[in-house]
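K.L.:
Residue numbers (the working numbering): 351 to 615.
Attaching a single structure in structure tokens format; questions to follow.
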């Protein structure tokens with residue numbers, strides 16, 4: 351990448367930086383293999399929302415370390431809590447905000463993505479994984495079950511039978527198995543995970559932003575409604591794209607045989 355890197359501090363559990371029009375959030379709790387805690391959730395959501403509201407950013411990446419994207423939730427933080435604590439605090443509820451981020455989020459996964467880490471990766475729009483990445487929902491081994499949507503999103507991705515086996519046994523999937531099962535979009539060499547994610551995010555960020563947001567919204571709607579309603583929703587957004595400057599620029603560039611220069615409007 352030739353774009354300058356602008357790294358911002360001020361967070362205790364994450365690092366953020368920009369590469370051109372791409373915002374990168376890196377989980378940074380190495381001693382716990384990026385275990386998900388309340389502070390990390392607050393900081394990740396703040397960073398994602400800031401990038402979402404930043405007109406110079408067109409796509410985002412969420413990543414971790416070479417050893418772990420996130421090896422699970424912070425057991426130390428949860429171990430002594432009771433039902434009332436978890437219920438009143440709505441523990442894990444903050445993560446429900448991730449799917450409400452409008453711009454695309456790519457999970458760049460190396461090493462372990464287990465439990466809450468696997469669920470966080472699935473909250474992103476798609477996953478780029480290193481060859482040695484491992485995915486799983488081992489909560490059953492702790493006497494609990496997934497709590498950030500694992501039973502729901504994993505089932506939608508891989509089907510009931512495999513989801514049931516993985517969640518009830520705690521078995522991990524290697525990256526190639528996760529790709530075959532539909533959890534992962536692409537598997538790349540471990541050393542290329544972040545660069546590949548940046549390349550993909552940069553491509554997305556170079557397109558007409560309203561069309562990108564519309565396409566993401568339409569794809570997400572496909573999981574929530576029937577086919578007829580989904581196609582109707584898609585058609586309206588397709589038609590709405592013709593009210594954007596990007597549609598005029600994109601089609602003019604095609605007819606004039608040149609590269610499009612989208613303004614983001």
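Each residue gets a CB set at the ideal place from its N, CA and C atoms; glycine is no exception.
Using only CA atoms, which one of 516, 491 and 493 lies nearest to residue 500?
P.N.:
Checking every option, the nearest Cα to that of residue 500 belongs to 516.
K.L.:
Give me, in chain order, the residues of the same chain whose beta-carbon lies closer than 6 Å to that of residue 389; leave out the 5 immediate sequence neighbours on both sides.
P.N.:
Answer for residue 389: 363, listed in chain order.
K.L.:
Can you name the residues that DSSP bridges to residue 372?
P.N.:
Answer is 369 and 409, bridged to residue 372.
K.L.:
If you reduce the DSSP assignment to three classes, tell me which class residue 491 lands in.
P.N.:
Helix, per DSSP.
K.L.:
Whole angstroms are fine: how far does the CA of residue 605 sit from the CA of residue 619?
P.N.:
The question about residue 619 has no answer here: the residues shown for the chain are numbered 351 through 615.
K.L.:
For the 8 Å Cβ check, are there 3 or more pairs between the stretch 389-400 and the stretch 433-447?
P.N.:
Verdict: yes, contact present.
K.L.:
Rounded to the nearest angstrom, how far is the Cβ of residue 419 from that of residue 460, given a contact under 8 Å?
P.N.:
About 6 Å separates the two Cβ atoms, so the contact holds.
K.L.:
Taking the alpha helix (DSSP H) that residue 528 falls in, what are its first and last residues?
P.N.:
525-531 is the span of the alpha helix (DSSP H), which, as asked, contains residue 528.
K.L.:
In its own chain, which residues sit with a C-beta less than 7 Å from the C-beta of residue 524, not counting the 5 before and 5 after it?
P.N.:
Taken in chain order, the residues that qualify are 484.
K.L.:
Less than 8 Å between C-beta atoms, sequence neighbours within five positions excluded: which residues of the same chain meet that for residue 573?
P.N.:
Contacts found: 506.
K.L.:
Helix, strand or coil for residue 484? Go by DSSP, reduced to three states.
P.N.:
Three-state result, residue 484: strand.
K.L.:
May I ask you to report which of helix, strand or coil DSSP gives residue 588?
P.N.:
Reduced to three states, the DSSP call for residue 588 is helix.
K.L.:
Which of helix, strand or coil does DSSP assign to residue 537?
P.N.:
If DSSP states are grouped into helix, strand and coil, residue 537 belongs with the strands.
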